[in-house]
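Peer 1: Below are the structure tokens for one structure; questions will follow.
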Amino acid sequence: MHWGVYEAVGSGDALSLRAFARDPAPSPIGLSMPDAARGPLRVRRPAVRQSWLAWKEGRQAGAARARRGQDPFVEIGWERALDLVADELARVRQAHGNASIFGGSYGWSSAGRFHHAQSQVHRFLNALGGYVRHADSYSLGAARVLLPHVVAPIDELFTIHTSWDVMARHTRLFVTFGGVPAKNAQVSSGGATEHLVPGGLRRMAEAGVRFVNISPVRDDIDTGGEFEWLPIRPGTDAALLLAMCHVLLAGNLHDPAFLASHCVGFERVAAYLRGETDGVPKTPAWAERITEVPAARIEALARKMAATRTMLNIAWSLQRSHHGEQPFWALVTLAAMLGQIGLPGGGFGVGYGATNMIGSDNAKFSGPTLPQGSNAVADFIPVARIADMLAAPGTPFDYNGKRLTYPDIRLIYWAGGNPFHHHQDLNRLLGLWQSKP
């Protein structure tokens, strides 16, 4: 399971789990899985919304769309459920085409290779002629699109993050924007035999690494020792990063040789930092008014970064906001100006603490997957634009330098997740969900 490996004790109704002996920090979440399987709230049979079923059976006029999310569900048999689903898929495909079907599967509901909701639903819909898919994720959508234009694809970066042991030996200053929430690292896609984040942080602290947590939340990091907390106004991290870049540039503390040999376009960045392009120098005093971080602390931290081996980290949560891509390119810019990218214990990380795999020095390889076939429908949406898609079919939108159009969706087939568990502005999504035919 995604929470790790566990040892099974007993069987049947007496089955229980215990922590895997080799796991230094096992997650307690997975221990409750046998109880979830036996619990009274488990859905054991197909169920259909009451008003929709009454409409299908001719017992009422209309499906009472406004009662979506309010109606009780009626349990039915498997054969009846399969017939209802097949009839709806056939009706929508015949009347509107495959490009009117949105196939969704998003979340952490299944960790198997065959019993994997995402693979199964996409394979099924591809076999029917295709569907509108989603791209990216809520966790990293902005970063996934931006970073290939700045440094590298995010999946490539994940495989080359500096390990905890290397940072314990070489890093002297670890500065994180958004903390290193080890509670999030209980999870890893497909699970892990060893949870490494709590121990990695402790080993770094024991080795004398200094930690600075720049976050509205002080306790989003647990090193087992002392750390400096720099509270910041939410959503203003890019301004703070730019001010630190300005300190390096104004104090001649940056690395011109690295910028010349490994980077492109620094002269444009430098002009922006000085205010030559917009008349606003990105000084610590400028950033203080935006971030509420004192200018003196901004300058002092930037100078300490330049004076020692520094690892910068950015939490995934920072991109889950308006203009959430901005702190990511600014972090890479700051790391490049320090000139420590590629040096042991230096550079930057994208999401230490987000999942268990980041910071692991184990070999990265892909496991077996169920072939999904090919999708004959080219249309897609960014995953966080489900509500926009429902609200404005046929409307153009911009994505990754391209002009695309929202499809006219008449059926949503979802498995292994629930958009209401992830999406922003749920009241808007609910209203659209209830209004669509």
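Going by numbering that gives the first Met the number 0, the first residue of the sequence shown is number 0, and it counts up by one from there.
Ideal Cβ positions, reconstructed from N, Cα and C, are used throughout, including at glycine.
A quick note: this is a predicted structure, and the numbers were derived from the prediction, not measured.
Of all the alpha helix (DSSP H) runs that stay within the bounds of the stretch 247-316, which reach a length of 4 or more residues?
Peer 2: With a minimum length of 4 residues, the continuous alpha helix (DSSP H) runs that stay inside the stretch 247-316 are 255-261, 265-273, 283-290 and 294-306.
Peer 1: Kindly indicate which three-state DSSP category Val-382 falls into: helix, strand or coil?
Peer 2: Position 383 of the sequence shown, counted from the start, is the residue given in the question as residue 382. It is helical.
Peer 1: Only counting the same chain, and skipping five residues up and downstream in sequence, which positions put a Cβ closer than 7 Å to that of Ala-305?
Peer 2: If you number the sequence shown from 1, residue 305 lands on position 306. Within the same chain, Ala-305 has close Cβ partners Leu-247, Leu-252 and Leu-337.
Peer 1: Quick one: Cα of Pro-367 to Cα of Gln-119, how far?
Peer 2: Here the question's residue 367 lines up with position 368 in the sequence shown. Here the question's residue 119 lines up with position 120 in the sequence shown. Taking the straight line from one Cα to the other gives about 14 Å.
Peer 1: Quick check: the stretch 315-325 against the stretch 138-155, are there 3 or more CB pairs under 8 Å?
Peer 2: Yes: at least three Cβ pairs fall under 8 Å.
Peer 1: I need the DSSP call for Phe-176, collapsed to helix, strand or coil.
Peer 2: Locating residue 176 in the sequence shown gives position 177, where the first residue counts as 1. Note: Phe-176 maps to strand in three-state DSSP.
Peer 1: Does Asp-206 come out as helix, strand or coil in the three-state DSSP assignment?
Peer 2: Within the sequence shown, residue 206 is the residue found at index 207, counting from 1. Looking at the sequence shown, residue 206 is not Asp but Ala. DSSP places Ala-206 in coil when its eight states are reduced to three.
Peer 1: Could you pull the DSSP bridge partners for Ala-18 from this structure?
Peer 2: Walking along the sequence shown from the start, residue 18 turns up at place 19. According to DSSP, Ala-18 bridges with Tyr-5.
Peer 1: Less than 8 Å between the C-beta atoms of Cys-437 and Leu-333, yes or no?
Peer 2: Because the chain here runs from 0 to 436, residue 437 falls outside it and cannot be looked at.
Peer 1: How many angstroms separate the CA atom of Thr-438 from the CA atom of Ala-126?
Peer 2: The chain is shown only over 0 to 436; residue 438 falls outside these bounds and no answer can be derived.
Peer 1: Please state the DSSP three-state secondary structure of His-115.
Peer 2: Within the sequence shown, numbered from 1, the residue matching residue 115 stands at position 116. It is coil, neither helix nor strand.
Peer 1: Who does Tyr-398 pair with in a DSSP beta bridge?
Peer 2: Here residue 398 corresponds to residue number 399 of the sequence shown, with the count starting at 1. Answer is Lys-401.
Peer 1: Rank Val-211, Lys-182 and Ser-162 by C-alpha distance to the C-alpha of Leu-229 and give the top, closest one.
Peer 2: Looking up residue 229 in the sequence shown gives position 230. Of the candidates Val-211, Lys-182 and Ser-162, the one whose C-alpha sits nearest the C-alpha of Leu-229 is Val-211.
Peer 1: Expressed to the nearest angstrom, what Euclidean distance is found between the alpha-carbon atoms of Thr-404 and Phe-379?
Peer 2: Working through the sequence shown from its first residue, we reach residue 404 at position 405. Working through the sequence shown from its first residue, we reach residue 379 at position 380. Near 9 Å, if we compare the C-alpha coordinates of Phe-379 and Thr-404.
Peer 1: Can you name, in chain order, every residue of its own chain whose Cβ lies under 6 Å from the Cβ of Ala-204, other than the five neighbours on each side?
Peer 2: Taking the sequence shown and counting its residues from 1, the one referred to as residue 204 is at position 205. Thr-222, Gly-223 and Gly-224, listed in sequence order.
Peer 1: If Ser-104 and Trp-413 are in contact, beta carbons under 8 Å, what's the gap, nearest whole angstrom?
Peer 2: Against the sequence shown, residue 104 aligns to sequence position 105. Against the sequence shown, residue 413 aligns to sequence position 414. Their Cβ separation, rounded to whole angstroms, is 7 Å, which keeps Ser-104 and Trp-413 in contact under 8 Å.
Peer 1: Kindly indicate which residue of Ile-159, Val-131 and Ala-377 has the alpha-carbon position closest to the one of Met-356.
Peer 2: Sequence index remark: in the sequence shown, residue 356 carries index 357 (1-based). Met-356 has its Cα closest to that of Ile-159, out of Ile-159, Val-131 and Ala-377.
Peer 1: State the DSSP-derived secondary structure class of Trp-107, mapped to helix, strand or coil.
Peer 2: Counting from one through the sequence shown, the residue named residue 107 turns up at place 108. The answer is coil: DSSP assigns Trp-107 none of H, G, I, E or B.
Peer 1: For my contact list, Pro-436 and Leu-428 are in at a C-beta cut-off of 8 Å; report their separation, rounded to the angstrom.
Peer 2: Taking the sequence shown and counting its residues from 1, one reaches residue 436 at position 437. Taking the sequence shown and counting its residues from 1, one reaches residue 428 at position 429. With a Cβ gap of about 17 Å, Pro-436 and Leu-428 do not count as contacting.
Peer 1: Under 8 Å, do Val-196 and Gly-358 count as touching if we go by C-beta distance?
Peer 2: For the purposes of this step, residue 196 is identified with residue 197 of the sequence shown, where counting begins at 1. For the purposes of this step, residue 358 is identified with residue 359 of the sequence shown, where counting begins at 1. Yes, Cβ-Cβ distance for Val-196 and Gly-358 is below 8 Å.
Peer 1: Pull the bridge partners of Glu-227 from the DSSP assignment, please.
Peer 2: Along the sequence shown, one-based indexing puts residue 227 at 228. Note: Glu-227 sits in a beta bridge opposite Val-211.
Peer 1: Report yes if the C-beta distance between Ala-167 and Gly-352 is below 8 Å; otherwise report no.
Peer 2: For the purposes of this step, residue 167 is identified with residue 168 of the sequence shown, where counting begins at 1. For the purposes of this step, residue 352 is identified with residue 353 of the sequence shown, where counting begins at 1. In this structure, Gly-352 does not lie closer than 8 Å to Ala-167 by Cβ.
Peer 1: His-420: buried (16+ other C-beta within 10 angstroms of its C-beta) or exposed?
Peer 2: As a working mapping, residue 420 is identified with position 421 in the sequence shown. Label assigned to His-420: exposed.
Peer 1: Does the beta-carbon of Leu-330 have 16 or more other beta-carbons within 10 angstroms, so that it is buried, or is it exposed?
Peer 2: Numbered from 1 along the sequence shown, position 331 holds the residue referred to as residue 330. Label assigned to Leu-330: buried.
Peer 1: Assuming Ile-313 contacts Leu-239 (C-beta within less than 8 Å), just tell me the rounded distance between them.
Peer 2: Reading the sequence shown from its first residue, position 314 is the one you call residue 313. Reading the sequence shown from its first residue, position 240 is the one you call residue 239. Ile-313 to Leu-239, Cβ: 12 Å. No contact.
Peer 1: For Ala-294 versus Ala-284, is the C-beta spacing smaller than 8 Å?
Peer 2: Mapped onto the sequence shown, residue 294 falls at position 295. Mapped onto the sequence shown, residue 284 falls at position 285. Their beta carbons are under 8 Å apart, which means Ala-294 touches Ala-284 by this criterion.
Peer 1: Using only alpha-carbon positions, find the residue among Gly-76, His-114 and Val-47 that is nearest to Gly-415.
Peer 2: Along the sequence shown, read from residue 1 onward, the residue named residue 415 stands at position 416. When only C-alpha atoms are compared, the closest one is His-114.
Peer 1: Just checking my contact of Val-440 with Ile-231 at CB under 8 Å: how many whole Å lie between their CB atoms?
Peer 2: Any answer about residue 440 is impossible in this case: the structure gives the chain only from 0 up to 436.
Peer 1: By a C-beta neighbour count over all protein chains shown, 10 Å radius and 16 as the cutoff for buried, is Leu-139 buried or exposed?
Peer 2: The residue you call residue 139 lines up with position 140 of the sequence shown. By the 10 Å Cβ count, Leu-139 comes out buried.
Peer 1: Use the C-beta contact count for Gln-446: other C-beta atoms within 10 angstroms, 16 or more gives buried, fewer gives exposed.
Peer 2: Given that the chain is displayed from residue 0 to residue 436, the structure contains no residue 446 and the question cannot be resolved.
Peer 1: Give the DSSP bridge partners of Gly-345, in chain order.
Peer 2: Residue mapping note: residue 345 aligns to position 346 of the sequence shown, counting from 1. DSSP lists no partner for Gly-345.
Peer 1: Excluding the 5 residues flanking Gly-61 on each side, which residues of the same chain have their C-beta closer than 7 Å to its C-beta?
Peer 2: Stepping through the sequence shown from its first residue, residue 61 is reached at position 62. Here the set comprises Trp-54.
Peer 1: According to DSSP, Tyr-137 sits in a beta bridge with which residue or residues?
Peer 2: Residue 137 sits at position 138 when you count from the first residue of the sequence shown. In DSSP, Tyr-137 forms no bridge with anything.
Peer 1: Would you mind working out which of Ser-365, Arg-44, Arg-308 and Ala-375 sits nearest Leu-342, comparing C-alpha positions?
Peer 2: Walking along the sequence shown from the start, residue 342 turns up at place 343. Among Ser-365, Arg-44, Arg-308 and Ala-375, the Cα nearest to that of Leu-342 belongs to Arg-308.
Peer 1: Tell me the DSSP bridge mates of Glu-74?
Peer 2: Position 75 of the sequence shown, counted from the first residue, corresponds to residue 74. According to DSSP, which records beta bridges pairwise, Glu-74 is partnered with Ala-46.
Peer 1: For Asp-236 and Arg-41, what's the separation of their Cα atoms in angstroms?
Peer 2: As a position in the sequence shown, residue 236 is number 237, starting the count at 1. As a position in the sequence shown, residue 41 is number 42, starting the count at 1. Their Cα atoms are separated by approximately 42 Å.
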